[in-house]
Amino acid sequence: GGGGGGNIGGIVGGIVNFISEAAAAQYTPEPPPTQQHFTTVEANESEEVRRFRQQFAQLAGPDMEVGATDLMNILNKVLSKHKDLKTDGFSLDTCRSIVSVMDSDTTGKLGFEEFKYLWNNIKKWQCVYRQYDRDRSGFLGRSQLREALQAAGFQLNEQLYQMIVRRYADEDGSMDFNNFISCL
1 GGGGGGNIGG IVGGIVNFIS EAAAAQYTPE PPPTQQHFTT VEANESEEVR
51 RFRQQFAQLA GPDMEVGATD LMNILNKVLS KHKDLKTDGF SLDTCRSIVS
101 VMDSDTTGKL GFEEFKYLWN NIKKWQCVYR QYDRDRSGFL GRSQLREALQ
151 AAGFQLNEQL YQMIVRRYAD EDGSMDFNNF ISCL
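Residue numbers for the sequence shown follow full-length UniProt numbering, so the first one is 1 and each next one is one higher.
Here you go:
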C-alpha cells in the first residue's frame with residue numbers, strides 16, 4: 001500500500017496516503033497494468049482500443065505519455081461536454097495526485113495502458129455518480145455520498161467517511177464530480 005512517490009504536498013498527500021493505507025484492507029483495486037511496448041499490443045486490439053490509442057497518441061505527443069498538466073486539460077475539456085455533472089474543474093494538484101497514484105512505472109507521467117486504466121475507472125465512477133445523483137442536481141448530497149462511495153468499491157468506517165466529507169465536500173456535505181473523483 002501507500003500512495004505513489006512524487007511531490008504531493010501538504011494535506012492532499014497526507015489524505016491520499018491515509019486513505020490508501022486505511023482502505024487497503026477493505027478495497028483492493030486492480031493495479032495499473034505494466035507497460036507493454038507500443039507495437040507488440042497493436043496487433044491484438046479491438047477497433048475501440050485502436051481508436052482510443054490513436055486519440056491518446058494525438059494527446060500525448062512524441063513521448064507517448066501524459067503528464068499532470070495534459071491530464072488536467074483533457075479531463076476539463078471532457079467535463080465541459082457533460083453539463084449534467086457539476087464541477088469547478090480538475091486542479092493541477094488533483095491531476096498530480098492522480099498521476100502519482102496511477103503511474104505504475106514511476107515515470108511521472110501516464111503511458112497508454114496507465115491512461116486507459118484511469119479512463120476506464122473514471123467512466124465507471126461517472127456511472128456511479130450519475131446513478132446516485134437521484135435528484136439530478138449534478139451534486140451528490142450527504143445522504144447519497146456514502147452509498148456512492150460503497151458502489152465505487154470503498155467500504156469506509158465512520159471516521160474515514162467523515163474525514164473525506166470534511167476534505168472533499170462543500171459546507172452542506174454535497175460533493176461535485178471532480179471532488180468525487182479526487183477522493184477516490
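Here a beta-carbon is modelled for each residue, glycine too, at the ideal position from N, C-alpha and C.
Model, not experiment: these values are computed from the prediction.
At a cut-off of 4 residues, the continuous stretches assigned as alpha helix (DSSP H) that sit fully inside the segment 85-170 are 92-102, 112-132, 142-151, 158-168. With fewer than 16 neighbouring CB atoms inside 10 Å of its own CB, G61 falls in the exposed class.
Secondary structure of M72 (DSSP, three-state): helix.
In this structure, the alpha-carbon of M163 lies about 21 Å from that of D133. Under DSSP, no beta-bridge partner is assigned to V49.
Within the same chain, A148, A151 come within 8 Å of Q131 by CB-CB distance, once the 5 residues on both sides are set aside. Per the DSSP secondary-structure output, M175 pairs in a beta bridge with L140.
A57 and D176 have their alpha carbons spaced roughly 30 Å apart. For a cut-off of 8 Å, the C-beta gap from N178 to T94 is around 7 Å, short enough to register as a contact. In this structure, F180 lies away from L118, with their beta-carbon atoms at least 8 Å apart. Here L71 is near V99, since their CB atoms are less than 8 Å apart. S143 and D63 have their C-alpha atoms some 44 Å from each other.
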